[in-house]
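Under my numbering, the first residue of the sequence shown is numbered 676, with each subsequent residue one higher.
This report refers to the structure that appears directly beneath it.
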Amino acid sequence: MGKIISIVNQKGGVGKTTTAINLGAYLARLKKKVLLVDIDPQANATSGLGMDVNQLEKGVYEALINKEGIANIIHNTKNKNYDVAPANPALAGAGVELVQMEEREWRLSKNLADIKDKYDYILVDGPPSLGLLTVNSLVAADEVLIPIQSEYYALEGLGQLLETINLVQDNLRPELKIMGAVITMFDKRNRLSGLVRDELNQYFPNRLFHTVIPRNVRLAEAPSFGQPILDYDKRSKGGKAYESFAKEIIKLDK
Ligand code: ATP
Ligand code: MG
676 MGKIISIVNQ
686 KGGVGKTTTA
696 INLGAYLARL
706 KKKVLLVDID
716 PQANATSGLG
726 MDVNQLEKGV
736 YEALINKEGI
746 ANIIHNTKNK
756 NYDVAPANPA
766 LAGAGVELVQ
776 MEEREWRLSK
786 NLADIKDKYD
796 YILVDGPPSL
806 GLLTVNSLVA
816 ADEVLIPIQS
826 EYYALEGLGQ
836 LLETINLVQD
846 NLRPELKIMG
856 AVITMFDKRN
866 RLSGLVRDEL
876 NQYFPNRLFH
886 TVIPRNVRLA
896 EAPSFGQPIL
906 DYDKRSKGGK
916 AYESFAKEII
926 KLDK
């Protein structure tokens, strides 16, 4: 049975998508069968994997509103063992449309149940909000992974995020676990970075991943070529960091 990991943080630009694309790529390279589900209307994960969002006839939107089984919208990526359920522009309306639908928090979960056993890992990349799309991603998940940008405001909003996760655990999905937090865009030359790390260690005792993702321009460039870092520049610091992160994730299941 595959493990569904939702990558969540309502703060924008903290590295959710970069983590989803590259963690997924390295898990696949390490012979795990991986599906990345893009439920962010910005569709950055979809385009970052080289797909032209405007050419898509259907995507996660159709799956969520039940026009289409999720199996019918999945594409292979150029990487072996790595599939994507793409976001399409129509998804922008889904947050509102879902409000009046039955079992609105369970739409993604029900979709993924049909294909869960085909994958080792299903990663869900969501939008920077705590709306219904994010709630769907939490309800569908076995575990939540929280990327946190190394910056002065790193902890801002975390209380609200953890509260939302608690609400989902209490009311919708008691089995949901917090997998942990991963620090992104770390700059070791900046003294503040060390302080942020210490503070997060206290906030997430035993739940902060050892791997720290450095700030690395190659990671920022790769999506414009539609490639994960392992194809764009696997020797970069960013590439090595995501490789070690993927190994750390796999180790949790051993
Ligand atoms: P959103 O909330 O809008 O979905 P996000 O949390 O998914 O954003 P990303 O899109 O992954 O964040 O990253 C935000 C920006 O920072 C992007 O331009 C990305 O290329 C860049 N970026 C992410 N991680 C790194 C890194 N480690 N080093 C340098 N740039 C990075
Ligand atoms: Mg994103």
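C-beta: ideal position from N, C-alpha, C; glycine also.
None of these values were measured; they are calculated from a predicted model.
Using a Cβ distance threshold of 8 angstroms, PHE861 and PHE884 do not count as a contacting pair. Counting other Cβ atoms within 10 Å of its Cβ, ARG848 reaches 16 or more and is therefore classed as buried. At least one heavy atom of the ligand MG lies closer than 7 angstroms to the C-beta of THR692. With at least 16 other beta carbons inside 10 angstroms of its own, LEU851 counts as buried. For GLN902, the shortest C-beta to heavy atom distance toward the ligand MG is 7 angstroms or greater. When the Cα atoms are used, ILE682 and ILE696 turn out to be separated by approximately 11 angstroms. The alpha carbon of LEU875 has as its nearest neighbour, out of LEU830, VAL735, ILE790, the alpha carbon of LEU830.
Apart from the 5 residues on each side of it in sequence, ILE749 sits with its Cβ closer than 8 angstroms to the Cβ of LEU710, ASP758, VAL759, ALA760, ILE790 in its chain, given in chain order. Distance from the CA of PRO889 to the CA of LYS707, rounded to the nearest whole angstrom, comes to 24 angstroms.
Relative to the ligand MG, GLN717 has its C-beta within less than 7 angstroms of a heavy atom. One alpha carbon belongs to ASN865, the other to GLY914, and they sit about 21 angstroms apart. Distances from the CB of MET854 to the heavy atoms of the ligand ATP are all 7 angstroms or more. In the displayed model, LEU711 falls within a strand according to three-state DSSP. Between ALA769 and ILE679 the beta-carbon gap is near 19 angstroms, outside 8 angstroms, which marks them as no contact.
In the displayed model, GLN824 falls within a strand according to three-state DSSP. Here the stretch 726-744 does not lie against the stretch 792-805, with fewer than 3 beta-carbon pairs under 8 angstroms apart. Sequence-distant Cβ neighbours of MET676 in its own chain, meaning closer than 7 angstroms and more than five residues away, are LYS791, ASP792. With fewer than 16 neighbouring CB atoms inside 10 Å of its own CB, TYR828 falls in the exposed class. Per the DSSP secondary-structure output, PRO880 pairs with nothing in a beta bridge. Counting of Cβ neighbours within 10 angstroms places ASP800 among the buried residues, the total reaching 16 or more. Between the ligand MG and ASP800, a heavy atom-to-CB distance of less than 7 angstroms is present. Distance check between PHE879 and each of ASN846, LEU833, PRO898, THR859 places LEU833 closest, using alpha-carbon atoms only.
Residue burial annotation: GLN902 is buried, with at least 16 other C-beta atoms found within 10 angstroms of its C-beta.
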